[in-house]
Amino acid sequence: MFTPLNWLLGLFSLDIGIDLGTANTLVNVRGRGIVINEPSWVAIEKRSRKALAIGAEARQMVGRTPANIIAIRPLRDGVISDFEITQAMLEYFIGKAHEQSLVPLPRPRVVVGIPSGVTEVEKRAVYDATISAGAREAFLIEEPMAAAIGAGLPITESHGSMVVDIGGGTTEVAIFSLGGIVISRSIRVAGDEMDEDVIQYMRTKYNLLIGERMAERAKLEAGSAYPLPEERRITMRGRNLITGLPEAVDVSSIELREALSSSVQIILDAIKDALDETPPELISDLMESGICMAGGGSLLAGLQERVSEEVNMRVWLADDPMTCVARGAGRVLEDYDNLRAMLVGLERGSTRH
Ligand code: ADP
Ligand code: MG
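The sequence shown begins at 22 in this note's numbering and counts up by one.
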C-alpha cells in the first residue's frame, strides 16, 4: 500500500512480497508497489541447465527455441518441478527489485505466496530458494490467504469470507474465519487447462493444430462461461492435421464456450464442494458478503455470472485481481505484528540455514 510512512520506511529497508505464480511472478516492494510483473518462464541451455533468460524475455522464446535451448515454467502445475530453476528465477527477480532501489540497502525481508496444499518438501524448497536468492529473512504464505488480504477481506474477524483464486496452473478456493482457513480446495485446473481445452476442441472438430498462445488469445478475446450479450467470432490459425498445410478457421464464441465448459465445470464443482463442507453459520455469513474472485482466470467473460447462478450467491471481482497475492504478501510485512499468524510455519528442523 502506498503511504508516506511506507515510502519512508522503504528508503531504509527492503520488504518484498512475491507472488510466485504458476503463470506470472509479481514483486511488490514496500513503498513502491508492484515493481515486477513478468511471466514465470525460464529459458535454459539444455546441457548445462544454465538459465539464459528469465521472465518476459524467456517467454518470447517459447516455441521458437533452437534445439539446445528449452523454455520452461518451473511452477507450471503449482508444484516446484525444478528447484534450481525456481531458485534462479527468484534470485533474478529479487535481485532486480534490489537493484532498482536508489540507495544501498540491507538484504531484503521477503514473503512468498505458495499454492495451498504444497508439500512440506516444496515449502522448504521455496524457503531455501528465497534465502539462497539473497533474502535476509524469508516467510511463506498460502496464496489464497495472501489473495484475501490483498483483496481487503476481513479475514481476522469471526465473520466468514471466501476467495476463489483462478491462476494459470491452479485454482484455489478458501473460506476464512478468525484469521484462519476453515475450508480449502486446491485443484490443478485453471487457465492453462482452459487453453488446453481450446487446443483439443480445434483438433477434434476442425483437425486444426494450434499453439498454446493462439489458444490463450482465443480464450481472452472470445472465451466465456456464460452467454455473451453479443456473441463474437475469432480466426484461429494453425496447421491442418490431414493436409499438413497452414489453415485459418473461423470459430464463434459459442463454440469456445462449449470448449471451455469442462474446465469451468470442474472449477464450479470445487467451489460447490467447499461450500458443501462449510458450517451453516459461515454459510450465512458468506451469503451476506459474497464470494470474492481473484487471479487472471477469474477474468474469463461471464465467469462471475456463471458462478453466481450455480451457487446462488453474490460473486464479485477483487480490485486488480491479478495483483492481489503480491499486494497481500507485502501487507503482511507492513503489519507484521497483526498478520504474522497468517504465515505458514515450516516444520521444526526443516530449515537448512
Ligand atoms: P498465476 O497466479 O498462476 O501465475 P495469474 O493469476 O497470473 O496466474 O493468471 C494467469 C491466467 O489467467 C492465465 O491462464 C491467463 O490466460 C488467464 N487470464 C488472464 N486474463 C484473462 C482474461 N481476460 N480472460 C480469461 N483468462 C485470463
Ligand atoms: Mg496466483
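No residue lacks a Cβ here, since even glycine has one placed at the ideal position from N, Cα and C. All values reported here derive from a predicted model rather than from experimental measurement.
In the DSSP assignment, what are the bridge partners of ASP40? If you number the sequence shown from 1, residue 40 lands on position 19. BP columns for ASP40 point to LEU47, GLY134.
Please work out which residues of its chain come closer than 7 Å, Cβ to Cβ, to ASN261, disregarding the five sequence neighbours upstream and downstream, and give them in chain order. For the purposes of this step, residue 261 is identified with residue 240 of the sequence shown, where counting begins at 1. Cβ neighbours of ASN261 beyond the five flanking positions: ASN228, LEU229, GLU268.
Return yes when at least one heavy atom of ligand 1 lies under 7 Å from the C-beta of ALA44, else no. Counting from one through the sequence shown, the residue named residue 44 turns up at place 23. Yes, the Cβ of ALA44 comes within 7 Å of a heavy atom of ligand 1.
With a threshold of 7 Å (Cβ to nearest heavy atom), would GLY188 be considered close to ligand 1? Within the sequence shown, the letter at position 167 stands for residue 188. Checking every heavy atom of ligand 1 against the Cβ of GLY188, one is found closer than 7 Å.
Could you tell me the boundaries of the beta strand (DSSP E) in which GLY259 lies? The count along the sequence shown starts at 1 and reaches residue 259 at position 238. Counting along the chain, the beta strand (DSSP E) containing GLY259 begins and ends at 254 to 261.
Closer than 8 Å by C-beta to GLU143: which residues in its own chain qualify, once you throw out the five before and the five after it? Chain order, please. Counted from its first residue, the sequence shown places residue 143 at position 122. Excluding residues within five positions, the ones whose Cβ falls inside 8 Å are VAL100, ILE101, ILE135.
Is DSSP giving ALA362 helix, strand or coil here? Position 341 of the sequence shown, counting from 1, holds the residue named residue 362. The answer is helix: DSSP assigns ALA362 an H, G or I state.
Could you tell me if the beta carbon of SER137 falls within a distance shorter than 7 Å of some heavy atom in ligand 1? Locating residue 137 in the sequence shown gives position 116, counting from the first residue. Incorrect: SER137 has no Cβ contact closer than 7 Å to ligand 1.
Pair every Cβ in the segment 308 to 328 with every Cβ in the segment 146 to 160, then say whether three or more of these pairs are closer than 8 Å. no
Flag this pair as yes or no: are the beta carbons of ILE65 and ILE106 separated by less than 8 Å? For the purposes of this step, residue 65 is taken as residue 44 along the sequence shown, with counting starting at 1. For the purposes of this step, residue 106 is taken as residue 85 along the sequence shown, with counting starting at 1. Result yes, Cβ atoms of ILE65 and ILE106 sit closer than 8 Å.
What first and last residue would you give for the beta strand (DSSP E) that runs through GLY311? Position 290 of the sequence shown, counting from 1, holds the residue named residue 311. GLY311 -> no beta strand (DSSP E), and no H or E assigned at all.
Whether or not the segment 183 to 198 and the segment 162 to 170 are in contact is what I'm after, with contact meaning three or more pairs of Cβ atoms, one per stretch, closer than 8 Å; do they touch? yes
May I ask you to check if the CB of ASP213 is nearer than 7 Å to at least one heavy atom of ligand 2? By one-based count along the sequence shown, residue 213 stands at place 192. No, since every heavy atom of ligand 2 falls outside the 7 Å radius drawn around the Cβ of ASP213.
Determine contact between the segment 322 to 338 and the segment 348 to 357, defined as no fewer than three beta-carbon pairs at a distance below 8 Å. no
On a CA-only basis, which of GLY212, PRO95, SER207 is nearest ALA146? Give me that one, please. In the sequence shown, residue 146 corresponds to position 125, counting from 1. Comparing Cα positions, the closest option is PRO95.
Can we count LEU364 as close to ligand 1, meaning its CB is less than 7 Å from some heavy atom? In the sequence shown, residue 364 corresponds to position 343, counting from 1. LEU364: no, Cβ never under 7 Å from ligand 1.
Taking only three categories from DSSP, how would you classify SER329? Locating residue 329 in the sequence shown gives position 308, where the first residue counts as 1. If DSSP states are grouped into helix, strand and coil, SER329 belongs with the helices.
Sequence ranges, beta strand (DSSP E) only - wholly within the segment 173 to 235, length at least 3: 182 to 187, 192 to 198, 201 to 208
Taking the beta carbon of ILE2 as the centre, do at least 16 other beta carbons fall within 10 Å, making it buried, or is it exposed? This structure does not reach residue 2, given that the chain is present from 22 up to 374, and the question cannot be answered.
Answer yes or no: do ARG97 and THR46 have a C-beta to C-beta separation smaller than 8 Å? On the sequence shown, position 76 is the one that residue 97 refers to. On the sequence shown, position 25 is the one that residue 46 refers to. In this structure, THR46 does not lie closer than 8 Å to ARG97 by Cβ.
So, ASP216 versus GLU242, is the Cβ gap smaller than 8 Å? Residue 216 sits at position 195 when you count from the first residue of the sequence shown. Residue 242 sits at position 221 when you count from the first residue of the sequence shown. Against a cut-off of 8 Å, the Cβ pair of GLU242 and ASP216 comes out as no contact.
Excluding the 5 residues preceding and the 5 following GLN203 in the sequence, name in chain order all residues of the same chain whose CB lies nearer than 6 Å to its CB. Taking the first residue of the sequence shown as position 1, residue 203 is located at position 182. First, the residue type needs correcting, since residue 203 is Val and not Gln in the sequence shown. Contacts found: ILE196.
Classify ARG258: buried if its beta carbon has 16 or more other beta carbons within 10 angstroms, exposed otherwise. The residue given as residue 258 occupies position 237 in the sequence shown. ARG258 comes out exposed.
Note down the Cα distance separating MET82 from ARG70, rounded to an integer number of angstroms. Here residue 82 refers to the residue found at position 61 when the sequence shown is read from its first residue. Here residue 70 refers to the residue found at position 49 when the sequence shown is read from its first residue. Using only the alpha carbons, I get a separation of about 16 Å.
Three-way DSSP call (helix, strand, coil) for ALA74 in this model: Here residue 74 refers to the residue found at position 53 of the sequence shown. In this structure, ALA74 counts as strand in the three-state DSSP scheme.
Using only CA atoms, which one of MET308, ALA239, TYR247 lies nearest to VAL285? Here residue 285 refers to the residue found at position 264 when the sequence shown is read from its first residue. VAL285 has its Cα closest to that of TYR247, out of MET308, ALA239, TYR247.
Using DSSP's beta-bridge definition, name the partner residues of LEU338. Here residue 338 is taken as the residue at index 317 of the sequence shown, counted from 1. DSSP output for LEU338 lists MET314 as bridge partner(s).
Identify whether THR372 lies in helix, strand or coil by the three-state DSSP scheme. Residue 372 sits at position 351 when you count from the first residue of the sequence shown. Note on THR372: pLDDT 46, under 50, position unreliable in the model; no value is reported.
Please state the DSSP three-state secondary structure of VAL56. What you label residue 56 is simply residue 35 of the sequence shown in a count that begins at 1. In the structure shown, VAL56 sits in a strand (DSSP, three-state: E or B).
Output the distance between the C-alpha atoms of VAL272 and ILE39, rounded to the nearest integer angstrom. Position 251 of the sequence shown, counted from the start, is the residue given in the question as residue 272. Position 18 of the sequence shown, counted from the start, is the residue given in the question as residue 39. In a straight line, the C-alpha of VAL272 is about 38 Å away from that of ILE39.
Cα separation between GLU141 and ILE152? Here residue 141 refers to the residue found at position 120 of the sequence shown. Here residue 152 refers to the residue found at position 131 of the sequence shown. If I take the Cα positions, the gap works out to 17 Å.
Taking the alpha-carbon positions, what's the SER334 to PRO127 distance? Position 313 of the sequence shown, counted from the start, is the residue given in the question as residue 334. Position 106 of the sequence shown, counted from the start, is the residue given in the question as residue 127. According to the sequence shown, residue 334 is Met rather than Ser. C-alpha separation (whole angstroms): 47 Å.
Relative to the alpha-carbon of GLY317, which residue among GLU330, MET110, ALA211, SER207 has its alpha-carbon at the smallest distance? Within the sequence shown, numbered from 1, the residue matching residue 317 stands at position 296. Among GLU330, MET110, ALA211, SER207, the Cα nearest to that of GLY317 belongs to ALA211.
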